[in-house]
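Here this note's numbering is used: the first residue of the sequence shown is 24, the next is one more, and so on. The beta carbon of each residue, even a glycine, is placed where N, CA and C say it ideally should be. Read the structure below first, then the notes.
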Amino acid sequence: EPSYQNEQADDGNTWAKGESSEVEFKSTLRVSLHSGKPDDRVELACLKTIAAFLNTHGGSLVVGLDDEANPVGLEHDKFDSEDKMSLHLVSLVNARMGPLAMTCTDIRFEDCEGKRIMVVKCLKASKPIFYKEKGSETEAFYVRTGPSTTQLSASQTQEYITQAWSWNFFPMYQINTDNNELIEINP
24 EPSYQNEQAD DGNTWAKGES SEVEFKSTLR VSLHSGKPDD RVELACLKTI
74 AAFLNTHGGS LVVGLDDEAN PVGLEHDKFD SEDKMSLHLV SLVNARMGPL
124 AMTCTDIRFE DCEGKRIMVV KCLKASKPIF YKEKGSETEA FYVRTGPSTT
174 QLSASQTQEY ITQAWSWNFF PMYQINTDNN ELIEINP
């Protein structure tokens, strides 16, 4: 089970230790700080990170902190309430990754140096989680590689899934039609 950096740093910011393979900071969930407007690319960055945590060892996405762990708060996203922000994320995850992804996540809000932040804790999913592009049937597979999120190619995804979920440990059989005996085909 991943550590979620629950220890407080000297300055009282739980997240001051910075980003890692199990911690990622995003300033906002949906709004570009440059334009001040909702931007699908901002949501995509958050969703890719969640998918990667679910496919790797779990971790925490912290919204409302910049890359240096400085609190910027949640007001830039312009949600009417924390509940509406949480519901928006749940809706995005369900639509783009499916309900299993939400069963492996926990959304909570906390104070950080006088600002509110949203913490999305993710556990490793029991099966691979694919991200479906908005308005498309195209799927992508993401993992954490150190402190970053990486999209795997089809062949890399196949190899990763085989190793990460140990499907190769389950025997596969076929029936010998001559004598109706089961033959193990991956001893």
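The Cβ neighbour count for glycine 59, taken over all protein chains shown within 10 Å, is under 16; the residue is labelled exposed.
Taken atom to atom, the span from the alpha-carbon of cysteine 135 to that of serine 104 is near 17 Å. The three-state reading of DSSP puts asparagine 199 in strand, counting E and B together.
DSSP lists Val86 and Phe132 as the bridge partner or partners of methionine 141.
Contact between serine 83 and valine 143 holds, with the beta-carbon distance rounding to 7 Å and staying under 8 Å. Excluding its 5 nearest sequence neighbours in each direction, leucine 56 has C-beta neighbours in its own chain below 7 Å: Ser50 and His99, listed in chain order.
Taking threonine 173 as reference, the option from Gly87, Ala68 and Asp106 with the minimal CA-CA separation is Ala68. Excluding its 5 nearest sequence neighbours in each direction, asparagine 36 has C-beta neighbours in its own chain below 7 Å: Ala92, Cys135 and Glu136, listed in chain order. The shortest C-alpha to C-alpha distance from valine 86 to any of Glu162, Trp38 and Ala124 is the one to Trp38. Under the 10 Å beta carbon count, asparagine 78 is surrounded by 16 or more other beta carbons and is classified as buried. Exposure of threonine 185 is indicated by the presence of fewer than 16 other C-beta atoms within 10 angstroms of its C-beta. Nearest C-alpha to phenylalanine 76 among Met125, Pro61 and Val95: Met125.
Under the three-state reduction of DSSP output, serine 58 falls in the coil class, being neither helix nor strand.
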